[in-house]
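Accompanying notes for the structure given below.
Protein chains: 8
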Amino acid sequence: MTDKEIEEFLLNIKSGKTSVEEAADRLKDLTFKELGYAKIDNNREARVGYPEVIYCAGKTVDQVKGIVEFMLTKNNNILGTRVTEEMYEAVNSICPDAVYNRLAKTITISKKEVNKPDTYIAVVTAGTSDIPVAEEASVTAELLGNKVERVFDVGVAGIHRLFNRLDVIKGARVVIVIAGMEGALASVVGGLVDKPVIAVPTSVGYGANFGGLSALLCMLNSCASGISVVNIDNGFGAGYLASMINRL
Amino acid sequence: MTDKEIEEFLLNIKSGKTSVEEAADRLKDLTFKELGYAKIDNNREARVGYPEVIYCAGKTVDQVKGIVEFMLTKNNNILGTRVTEEMYEAVNSICPDAVYNRLAKTITISKKEVNKPDTYIAVVTAGTSDIPVAEEASVTAELLGNKVERVFDVGVAGIHRLFNRLDVIKGARVVIVIAGMEGALASVVGGLVDKPVIAVPTSVGYGANFGGLSALLCMLNSCASGISVVNIDNGFGAGYLASMINRL
Amino acid sequence: MTDKEIEEFLLNIKSGKTSVEEAADRLKDLTFKELGYAKIDNNREARVGYPEVIYCAGKTVDQVKGIVEFMLTKNNNILGTRVTEEMYEAVNSICPDAVYNRLAKTITISKKEVNKPDTYIAVVTAGTSDIPVAEEASVTAELLGNKVERVFDVGVAGIHRLFNRLDVIKGARVVIVIAGMEGALASVVGGLVDKPVIAVPTSVGYGANFGGLSALLCMLNSCASGISVVNIDNGFGAGYLASMINRL
Amino acid sequence: MTDKEIEEFLLNIKSGKTSVEEAADRLKDLTFKELGYAKIDNNREARVGYPEVIYCAGKTVDQVKGIVEFMLTKNNNILGTRVTEEMYEAVNSICPDAVYNRLAKTITISKKEVNKPDTYIAVVTAGTSDIPVAEEASVTAELLGNKVERVFDVGVAGIHRLFNRLDVIKGARVVIVIAGMEGALASVVGGLVDKPVIAVPTSVGYGANFGGLSALLCMLNSCASGISVVNIDNGFGAGYLASMINRL
Amino acid sequence: MTDKEIEEFLLNIKSGKTSVEEAADRLKDLTFKELGYAKIDNNREARVGYPEVIYCAGKTVDQVKGIVEFMLTKNNNILGTRVTEEMYEAVNSICPDAVYNRLAKTITISKKEVNKPDTYIAVVTAGTSDIPVAEEASVTAELLGNKVERVFDVGVAGIHRLFNRLDVIKGARVVIVIAGMEGALASVVGGLVDKPVIAVPTSVGYGANFGGLSALLCMLNSCASGISVVNIDNGFGAGYLASMINRL
Amino acid sequence: MTDKEIEEFLLNIKSGKTSVEEAADRLKDLTFKELGYAKIDNNREARVGYPEVIYCAGKTVDQVKGIVEFMLTKNNNILGTRVTEEMYEAVNSICPDAVYNRLAKTITISKKEVNKPDTYIAVVTAGTSDIPVAEEASVTAELLGNKVERVFDVGVAGIHRLFNRLDVIKGARVVIVIAGMEGALASVVGGLVDKPVIAVPTSVGYGANFGGLSALLCMLNSCASGISVVNIDNGFGAGYLASMINRL
Amino acid sequence: MTDKEIEEFLLNIKSGKTSVEEAADRLKDLTFKELGYAKIDNNREARVGYPEVIYCAGKTVDQVKGIVEFMLTKNNNILGTRVTEEMYEAVNSICPDAVYNRLAKTITISKKEVNKPDTYIAVVTAGTSDIPVAEEASVTAELLGNKVERVFDVGVAGIHRLFNRLDVIKGARVVIVIAGMEGALASVVGGLVDKPVIAVPTSVGYGANFGGLSALLCMLNSCASGISVVNIDNGFGAGYLASMINRL
Amino acid sequence: MTDKEIEEFLLNIKSGKTSVEEAADRLKDLTFKELGYAKIDNNREARVGYPEVIYCAGKTVDQVKGIVEFMLTKNNNILGTRVTEEMYEAVNSICPDAVYNRLAKTITISKKEVNKPDTYIAVVTAGTSDIPVAEEASVTAELLGNKVERVFDVGVAGIHRLFNRLDVIKGARVVIVIAGMEGALASVVGGLVDKPVIAVPTSVGYGANFGGLSALLCMLNSCASGISVVNIDNGFGAGYLASMINRL
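Taken in order, these protein sequences are the chains called F, A, V, R, D, L, H and S.
Position 101, counted from 1, in the first sequence is what full-length UniProt numbering calls 101; the numbers after and before it change by one each time, with no gaps.
Position 19, counted from 1, in the second sequence is what full-length UniProt numbering calls 19; the numbers after and before it change by one each time, with no gaps.
Position 247, counted from 1, in the third sequence is what full-length UniProt numbering calls 247; the numbers after and before it change by one each time, with no gaps.
Position 111, counted from 1, in the fourth sequence is what full-length UniProt numbering calls 111; the numbers after and before it change by one each time, with no gaps.
Position 179, counted from 1, in the fifth sequence is what full-length UniProt numbering calls 179; the numbers after and before it change by one each time, with no gaps.
Position 230, counted from 1, in the sixth sequence is what full-length UniProt numbering calls 230; the numbers after and before it change by one each time, with no gaps.
Position 192, counted from 1, in the seventh sequence is what full-length UniProt numbering calls 192; the numbers after and before it change by one each time, with no gaps.
Position 218, counted from 1, in the eighth sequence is what full-length UniProt numbering calls 218; the numbers after and before it change by one each time, with no gaps.
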């Protein structure tokens, strides 16, 4: 709040224009649900289309189940990422509608329809082994209310495969490029399209790949413009950001 | 081209609907100007608003001058980044209108007005030492046809400075966050706004900063959603991408 | 000993003021119990409140059991860290009072009450997955004679959760901040409180987290003052140091 | 295509010299088989001697089986690398002729004879533990139509073993040197022979070997001329490149 | 503010118990001075003893001068770190009382006396080359209102030098240990004293020291308890934290 | 020598078929010229076409001059790499025919013609800044007796520039690809040609380029087959190896 | 061989002074036993006291058994390192006298007594968890014919334990210091003794230990003189080198 | 001191057998000269042959001069390493006998003859650029009382140069091998000689050499036995250790 807003806010309270209850609500605005081991952010649920998101890695099965249980009390879509088979079973026992994508390791629970813009997000992978990350990105973007076009296995070792699908990629409003090994596909796509490119390095590869470092550095140093990078294997982050841009 | 497009393209040539000259133009579409030491991409100039960009680091003064000289023959805006004083003087001798931003180390040559959308880009820095990178981003975004709001020195060590300017940041269509040292500002801003955040790690710092590695890793591992990262000190890349998103 | 102390010490022996036995005791002062595979430091037990500490990683079950067995012969509290289930069972068989904290992977054996100062230590985590490290810190600090306030899951992605609990954090005499991923919470807390902050990076995260390196570098490069860092996942070290400061 | 070729190509279509079908074929030239999860490159099969290659790591058993199934419809040799026992069994169920090399973890399916040049490739290892990588290289080179001479366990710790076999190594047209630990063998061989040396660092070793990094850096910094390096443990890449050179 | 505090705060405004001016002051509490290129934190100046601190690296001479100029308008002590000779001259031209410590590269401007506790901080270095970092720490701690005892050049290569001065070190309330190369001194001191040890790795050394990395890792992995670490060469951070602890 | 060769060699000496002088020559075969600070390898000079090579970095001007002086006594071509201006002047004073390539930092002294094969080597760069490395490679290959085709500034950011020159690249017997930043060009070329590709990462770039590491890792992890890698900026090594392959 | 030796050697053959058989033997001097997957160095067996050594990691059980089987045909001591339980059983089946040290993971087969010098080697560890590496070193040194004194668990966290055993350490002819975590013990011992110190970093520790890197760097950067370092966890290497020095 | 020694020591004082002065001397045994910025170790000077050593990097010219000034008051040899021209001039002004080795960057001041054993140390380098490090090692070893044989420029790229000098190397009691780039020479020498090998990696090289890291890792991972490693470019450390071993 600027100085002027502060004064106005306080004068309104004093004059009764704003009731104490209203003012308290405004100040309490930034609140959350306390579960002890977790504080669930209630703040985001007001905005239509934002699902509740649970990053499940490092949580116990009981913690995941408990968080979902609370979330189900509200009328919102729910997304779980990095979900193990065991976690899914626990969630399924309290919510049979939960959908488990074994490739993406995601759970999705749809409780309301989100309207989708006409434009779409292209999700492009260099190889077959990058598909799990691509599915995490796609599931995220779809639940957030976006159309997704998947273009898989078009890496630069056989670049004609990419050119054949270039029209689909060029038609997107935002492009996610997912690649392991040397990650060169991001630069090539970035040089060919006029749209924002979100590059996702993957840990696919071996040896001097060092767990995805090679693709990460390659993408960060891209000579093409309009490319930015998210963490290694972070399909969720790419899908979320792509949705933000597509729904602007 | 899809199979169908290929057939149609060829039938049109055969039937004379497309003249050989037109067809040749289409195939020559992807061309460039050969300077020997450089191949200048003529392809992008058709699109209104895209300036010619020269990354000057590693080029000789004569090469920079030669490239600008050729570009001046066309009616397009020109941007040079990482420009030394000596390069600027060489450019200035053939183009007195060239503007040199000593902080950003950029040259800009404006040859035509680009119309700007109403929305703006917020360029936010953690400290004073990050300003050169912020200026590179801002100059780039402005030349590409965007309004820019600068919010400097609002790092997390005194987080109230950030909250004081939060309305300006929240009002932007896309936010560039520039920070060295631990780079925590990107996560904090990412947690507070609903817009795409482009994070730029800088080499500001010392010791275990390792030339910007600490800020880079911090930003890549951000727990906030909607953040992506460009190379260390890459103000140009951030400004270019922000423009792409702002002008969607 | 200074020259003067040496002279005095020796003159006292010569004059008989200090008996040979007393002098020997003083020189033997720095001693330990030899177990062959371990030398148990008897030196620290004199000071009230310092428990015997066993770092169990890399030791065999028999070694852990043997060390505890010897320690039980003395009237001192005992703390074991990085204790496996199997080690716990071995210890339990000779000391049914041993308490195993499965989350923290600690064993505690309380043999005497340690009086606690009125001030307390705040143990703050960014996420739910950081809780095991937080418990190791808390258990350590409590056994050493400190009150602990736990504030979990207040990471910067939803910074209002932090502000809501800021009074608890500000009220502490020393604050432990535990965070993985980008570790930004340490800088934010460091900028908001006037007390020493002990930052503990955790290995929580994936990809460019590189086993906790991202949080470690972030914390070491913090732009906020009053922060120091311990090893990745080193809850014990943070709890021990916090106790030292709290009990000054 | 150069400008002149473009014009000629188009004029030929116009004049009917090239039929629309022929022209379409030429443009479709770079095509592939779409399997959904994979796009199989049909382009290479025309060239005699090039087998179809499947890098199996990161693929599911079903994907591997599906890809082989399609490839079997064509009259080409097939090579699978990084093949697990389970994958082999799936392939074997549809192609009993498939040969599994347990050491190299390769599957080979020979459907036609490839004629071999008289010259041979020497595959040299520093130790016994490097043999699996050497076998991957040898199997690859043999399926591609080359004679291979294996010279194993001639590392520099007992350099007389190398000198004893030097005539075999010197007689090759191209030499593959495979070594872990410090990787010094590549430099020693490179200093002794006049032929191209392809160095393959392996992850054999421990401690400051850092997964093959020591051998990799050693080989990249070799003071001997005529050496180049492929990825750690990349026997396939070395065999493929050696074949290219041997068959020039 | 807790819910209850919020309600109370607002009721007090409404009832007039808190005037609008008072309430505004409380909300404006977190404010700063805007200089365009910097936002000076006015918040800390209220607390007696906290000097204004300027980290000068990466700032221009004019920026440093401008910040000092503003700070001089208030009755507070001022500390500048990483100050070049040229910056000092600019500051000296507007404040002849400014004291420049060439070894520590600090400027100090004392405008009021800070009362000091009886306890002291020991600043210990392994070698002569670590003294500049030690001076930065000492100057910081002294300006913040602490007595400092310097113990220099007592590294483990001649450990009797350390034992000779152990009484001074043991007598401190908090110990700063500064060491480059292998940084072993921190562990040795940590094993000998009962007080918090703040370890400062320095970039002193060469080769596999990698700019201070060896000392940093050594200190982070210390087997002694009660040690925490700040950034490489960060004398200021250590002095600031030591003051916090000493003045608790 | 095999056992049989040893026996034959010795019998020939015994029988006098080989004179002692001849045998001594054969055993002395592997000899060199001792200069004290250097041992010049006389062994290679016998083979036509191999120039004497001096790696000048780290040598004093006098050492370089002394080595050239000795080499000039023989009828062989001479190549110096990493030659400073000052070294060149010293060499020029004793050999006015020495040619200095300022871009490549090479000296070449041609004393005899080397016959060249009809095939050629393509030297391809991603950018203008990579040209110095490309020139080192080209000069080396030319002096060793090869035709070279230079294709500069065809990086993937504007991939049509590459396709325009693809016929030149495809026509080569071996291709050198030189690229900094993300180094993606090597993979793209490797996917398009059937010839051995020697990839040279360069240190061109900044930030997360880490002195060429990004391009190096990218090239080592290339998904295309037939690629091998030499050290960062090692134009000489690439030119030497390419010559070996081209002249097979 | 010098020129003179060569001449003499050849003249002796010619004159018959050296028989062809003798000369062949001398030239064949550097030989080995070919097992296909391994070339066993027969060269070393002549020297009394050198056992045959097998580094078993990365070898198959059959390979280990086959190598031992051949070695047993000769009258020499045998040492196997990094031996799994399964390998031991295979060896035991053909040699019931083989002794397996489960801690050190070594097999020793004593076939002849080696006389031992009066001096001894001190093997010192910082902690209990370093004992397996210490045992590998000790077993190696003992089989090579040396007396060993073990001094375990005397790390710097309780440095009085070290001083208590200092006489044993000082009495040795060469000292092996084994430490993980920060590895400071090597520097402390190096500063206290006048004998060569062989430092062995271990992978004991966690977090910023990075698999032994912290101890390795610490030891390499030691400020004490007379210290050298072997690979992480390389007890064998330390024992072998210590024996070389002790038996000089 | 053992318990028994302590008792005896104390009883002797009590009985007057040891005078207070003698006892004080024994306890003061570990002393040094305090210069404020340095504590000069007087302890070592008693032992014949050990020179006073000053590591000059990071010290000011005045500090170096002051330390030498004090050392000159005693009858001992003096060695300064990493000495700049300016430091030498300052030392020369107070000691005209000081000898400056510009290559090694050492100062030596000989005040008494040290008798030398008959055995010698071989100092071997891979290249000409490694000579400065070799000279630092040689000067150190010579001043410490050893004969040194220099064998320079025998790297593995022309391995016959090494074999030609092998007799000199094999004749040494201890061998120092100094190499940059890939450092393979250490392994080759280690495989050929029976003596302790001290390996010194140098920073000679470029690119993926990473300041000597490649040679360091290569040497640490050597497959040959009897090799240990000192810090990159640490000629002094190697010379000192070699002297220790040679003079055993």
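All residues carry an ideal CB built from backbone N, CA and C; glycine is no exception.
| Asked | Found |
| --- | --- |
| Beta carbon proximity, L79 (chain S) to chain H, threshold 8 angstroms | no |
| Separation of G80 (chain F) from M71 (chain F), as counted between CA atoms | 11 angstroms |
| Coil, strand or helix - G58 (chain S) by DSSP | coil |
| Where the alpha helix (DSSP H) containing I232 (chain A) begins and where it ends | Taken as a continuous stretch (DSSP letters only), I232 (chain A) belongs to no alpha helix (DSSP H), as it is neither H nor E. |
| Bounding residues of the beta strand (DSSP E) (the contiguous stretch that carries T81 (chain L)) | I78 to T81 |
| Where P201 (chain L) sits in the DSSP three-state scheme | strand |
| Amino acids of chain F, ordered along the chain, whose beta-carbon sits closer than 9 angstroms to that of S222 (chain L) | V156, A157, M181, E182 and A184 |
| Secondary structure of V188 (chain H), DSSP reduced to three states | helix |
| The segment 102-127 of chain H: positions lying closer than 9 angstroms to chain R by Cβ | none |
| Neighbourhood of N12 (chain H) by C-beta distance below 6 angstroms, restricted to the same chain and skipping five residues each side | T18 |
| Residue-level contact to chain H via CB, G207 (chain R), 8 angstroms cutoff | yes |
| Chain-ordered chain F contacts of Y240 (chain R) [CB-CB under 7 angstroms] | By Cβ distance, chain F contributes nothing, its closest Cβ being about 12 angstroms from Y240 (chain R), past 7 angstroms. |
| DSSP-derived helix/strand/coil call for I159 (chain A) | coil |
| Pairwise C-alpha distance: V193 (chain S) and G183 (chain R) | 19 angstroms |
| CB contact flag (S15 (chain V), N146 (chain V), <8 angstroms) | no |
| Coil, strand or helix - E69 (chain S) by DSSP | helix |
| Chain R within 8 angstroms of L192 (chain S), Cβ atoms only | yes |
| Between the CA atoms of F152 (chain L) and V204 (chain L) - distance to the nearest angstrom | 15 angstroms |
| Classification of V99 (chain H) by the beta-carbon crowding that lies within 10 angstroms, buried from 16 upward | exposed |
| Where the alpha helix (DSSP H) through N92 (chain L) begins and ends | E85 to I94 |
| Cβ-based burial, A57 (chain V) [other Cβ within 10 Å; buried from 16] | exposed |
| 8 angstroms Cβ cutoff met for I78 (chain H) and V68 (chain H) | yes |
| Beta-bridge partners of residue 249 (chain V), as assigned by DSSP | For residue 249 (chain V) there is no data in the structure shown, the boundaries of chain V being 1 and 248. |
| Beta-carbon proximity check, T84 (chain A) vs N246 (chain A), cutoff 8 angstroms | no |
| Contacts around M87 (chain L), its chain only, beta-carbon distance under 7 angstroms, and the 5 residues preceding and following it disregarded | C56, V61 and V64 |
| Closer than 8 angstroms to chain F by CB, R161 (chain V) | yes |
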